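Converting from the sequence shown to this note's numbering requires adding 7 to each position, the first position being numbered 1. Step one of this worksheet: look at the structure below.
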Amino acid sequence: ERLRVVNDILRPNKKLHFEYEDLLFSGLTTHSAIAPDSFDFKYRKDRFKMGDYYGQVLYLRNYPAELSDKLITNITDIPTNLQITLHIEPLDQQKGLDLVKTKLSFMEQQKIDEQKKAARSNYDPNLIPMELRRSMDEAQELLDQMQGDNEKLFSFTFLVMAVDKDERKLDDTIEQILTAGRKNDCEFAKLNYLQEEGLNSTLLWGNNFVPIHRTLTTASTAVFIPFTAQELMQPNGKYYGLNSVTKNLVTLDRRKLKAPNGFILGTPGSGKSFATKKEMTAVLLSDPDAEVIVIDPEREYTPLAAALNGEVIQISAGSKNHVNPMEINNDYADDDDPVILKTDFVLSLCEMLVGGNIGLSPTQKTLIDRSCRFAYKKYFENGSGMPTLKDFSNILKDQPEDEARQLAVELELYTEGSLSVFSHQTNVDTSKRFIVFDVKDLGKQLRSMGMLIILDQIWNRITSNRNAGRRTWVYIDEIQLLFSNEYAENYFFELWSRARKWGAIPTGITQNVSTLLSSLNAERMLSNSDFVLMLNQSQRDRERLGELLHISSRQKKYITNAKEGAGLMYAGDSMIPLYDEFPKDTNLYKVMSTKIEDVYKYQNEQREQGTTV
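Pasting the structure below:
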């Protein structure tokens, strides 16, 4: 590879035809394969000929006190092939200190000479030249940094070589390089009588033959390092897009993050739903042991579930689909008694339904606890059917206390009345790898209760999956809805906190970052998550996210007026700008897009095919 690069420099536009086996019989060396037809370093003092090409090497002679990384950018923007070479060698710390002290001593002596001269001319001796004063201040500051902040010095040579067949075009390129330097208060100069040394120093040998060096500090040297773009390409990672800077693939395996919990955030139309579905699809297609569960408040995931053989469970007051909140399995708790943990859930559920502003009384809590223990004792010891809320209500009625019967009456709306959709045995298929809980038609009276029960169902699935060695990916769209109810918020916070231990990866999706972060629990969840995909953000949300995730002003531009599918991905220690242009002529695009025109088009196609989604 090195030979190929050197060949491209010395023999432009000529392919390298070389095999190491050829050296055995020809008596040639690798130099023979890459050398041009001729060199002429006496052509001009500041230029050389290389075969049919003219070449010239420049070096950076002068630079300002503060350097900018724009110098490299401006030079690489010149539309021609250039060889930019940086020779950087660290100086011994003590030698560096001695060098600075020596220069400072010379300047002190110069200051004394200037003061004597001013005194002889009857001027104020403190009036020394401004340039000398500035140089002394800079030297003293550097000395303080080296002694106190461990700043180091480097010997530095910056070379730029241009080559062209047309000498007039070469002149134009050289002028553009000089102009780029002047724009950044830098001066490039020609290497008179040192063109051969300059050429050899630009090749990939790692040797500097140019006897011209400049001294830079660590901070100034770092400005010239061209590889400022961060990459994220993990083996077995899911595809998230292309790096906005390097155009390389961005792939991430969230399972390898310390805290794989995450958020996908973006304004309406930014592409957050599409990005979510893209990740879901990658998970289901690449990991046969993974399961995906979605809470869908806007009925956006039905087409994708149909395409991937998933199960959509529509929950509403009049639905024939039932989910039993009393459902339990032996893995519901870790080392604890599962009945105790489940009873705690039922207490929260009852407090939400009938607790009012003051909550449940101690007597009511005792009655609920007793009734739960009786219900699960029958299930675990007698092998009777899984208890339901109706069974729980009947046990309450059988208790001798008047408060028990009163509590059963207060719960009757949800156990036997018009909102009793959750008082039946589960009758939906939850065995599939892709499950969508469609809660769009869950009215206000049932929404909080329904969200809490669905979260508990998800926890049931997480615990049983861990025992079976399966990982559970959980997606909650419009996650801010969970934080509008204290009980659902607290339950979800516990689920979120315990997810990693149980092999689950929860992800929240929302367009309302400010609303979400009005909850202290939500802010803690976001701060402690190692995955955040940020698409276009409003100004207010950008500032909040910037504070929480330490996003620089330069990085914020990637989430300011960003195109659909473009933004920033925070993953562990990485902050990657990315974009994605998903092909629109694919079946996956049809089932993942939520654009109204795409949805209508897909629905019409389904009707024509006699399929309803």
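Glycine included, each C-beta is placed from N, C-alpha and C at the ideal position. These numbers come from a predicted model, not from an experiment.
Coil, strand or helix - residue i by DSSP
i      : result
Thr601 : coil
Met393 : coil
Trp466 : helix
Ser581 : strand
Thr274 : coil
Gln90  : strand
Glu417 : helix
Arg221 : strand
Lys7   : Any property of residue 7 remains undetermined from this structure, which presents the chain solely from 8 to 620.
Val12  : helix
Met576 : strand
Gly248 : strand
Thr228 : helix
Ser435 : Residue 435 is actually Val in this sequence, not Ser. Note: Val435 maps to coil in three-state DSSP.
Asp537 : coil
Ile558 : coil
Asp548 : helix
Tyr565 : helix
Asn594 : helix
Tyr609 : helix
Gly510 : coil
Gly553 : helix
Asp405 : coil
Ser525 : coil
Lys21  : coil
Leu459 : helix
Ser142 : helix
Ile135 : coil
Ala411 : helix
Asn328 : coil
Glu423 : coil
Phe281 : helix
Check: residue i C-beta below 7 Å from any heavy atom of the ligand NAD
i      : result
Leu292 : Only the bare structure without any ligand can be found here, which leaves the ligand NAD out of the picture.
The beta strand (DSSP E) enclosing residue i, as first and last residue numbers
i      : result
Phe163 : 160 to 171
Met240 : Here Met240 belongs to no beta strand (DSSP E), and DSSP marks it neither H nor E.
Glu194 : 194 to 197
Leu67  : 60 to 69
Arg51  : 46 to 51
Val428 : Careful: Val428 lies outside any beta strand (DSSP E) and carries neither H nor E.
Leu210 : No beta strand (DSSP E) holds Leu210; DSSP gives it neither H nor E.
Beta-bridge pairing of residue i - partner residues as DSSP gives them
i      : result
Met287 : Paired residues: none, contrary to the question.
Glu530 : Note: Glu530 sits in no beta bridge, so no partner.
Asp445 : Asp303, Gln321
Ala297 : Arg478
Gly515 : Phe270, Ile483
Tyr586 : Leu249
Terminal residues of the alpha helix (DSSP H) in which residue i lies
i      : result
Leu78  : 77 to 83
Phe499 : 493 to 505
Thr180 : 174 to 190
Leu542 : It is not in any alpha helix (DSSP H) - Leu542 carries neither H nor E in the DSSP assignment.
Leu259 : It is not in any alpha helix (DSSP H) - Leu259 instead sits in the beta strand (DSSP E) that spans 256 to 259.
Leu311 : 309 to 314
Using 8 Å as the threshold, is the region 162 to 175 in touch with the region 86 to 94, meaning 3 or more CB pairs across them? yes
Inside the region 86 to 130 only - alpha helix (DSSP H) runs reaching at least 4 residues
100 to 127
*Whole runs of the alpha helix (DSSP H) within the region 330 to 392, excluding any shorter than 4 residues*: Secondary structure within the region 330 to 392: the alpha helix (DSSP H) runs of 4 or more consecutive residues, fully enclosed, are 345 to 361, 369 to 389 (chain order).
Practice item. Count the C-beta pairs between the region 445 to 457 and the region 466 to 473 that are closer than 8 Å, then say yes if the count reaches three, no if not. Key: no
### Message
Is it the case that the region 427 to 444 contacts the region 453 to 466, given that we only count it when at least three CB pairs across the two stretches are under 8 Å?
### Response
Between the region 453 to 466 and the region 427 to 444, the count of C-beta pairs closer than 8 Å reaches three or more; the two stretches touch.
Please determine if the region 246 to 261 and the region 494 to 503 are in contact, where contact requires at least 3 C-beta pairs separated by less than 8 Å. Touching, no, given that fewer than three Cβ pairs across the two stretches are closer than 8 Å.
Discussion item. So, does the region 99 to 114 touch the region 123 to 133, judging by three or more C-beta pairs under 8 Å?
Written reply: no
The region 363 to 372 / the region 388 to 401 touching (three or more Cβ pairs under 8 Å): By the C-beta criterion, the region 363 to 372 is judged not to be in contact with the region 388 to 401, since fewer than 3 inter-stretch pairs fall below 8 Å.
key: the region 481 to 490 / the region 507 to 523 touching (three or more Cβ pairs under 8 Å)   = Contact holds: three or more Cβ-Cβ distances are below 8 Å.
Counting pairs of beta carbons, one from the region 433 to 440 and one from the region 318 to 331, are three or more of them closer than 8 Å? Touching, yes, given that three or more Cβ pairs across the two stretches are closer than 8 Å.
Would you call the region 289 to 297 and the region 602 to 611 in contact, with 3 or more CB pairs under 8 Å?
no
Cβ contact check for the region 128 to 146 and the region 189 to 209: 3 or more pairs under 8 Å:
In the pairwise beta carbon analysis, the region 128 to 146 is classified as not touching the region 189 to 209: fewer than three pairs are separated by under 8 Å.
- Task: Count the C-beta pairs between the region 274 to 285 and the region 571 to 582 that are closer than 8 Å, then say yes if the count reaches three, no if not.
- Result: yes
### Message
Three Cβ pairs or more, each shorter than 8 Å: is that satisfied between the region 294 to 311 and the region 577 to 588?
### Response
no
When the Cβ atoms of the region 200 to 215 are set against those of the region 544 to 562, are three or more pairs found closer than 8 Å?
These segments do not touch.
Quiz item: Is there contact here, the region 261 to 275 with the region 514 to 530, by at least three beta-carbon pairs under 8 Å?
Solution: They touch, by the three-pair rule.
Counting beta carbon pairs with one atom in the region 200 to 209 and one in the region 52 to 71, are three or more of them shorter than 8 Å?
Touching, yes.
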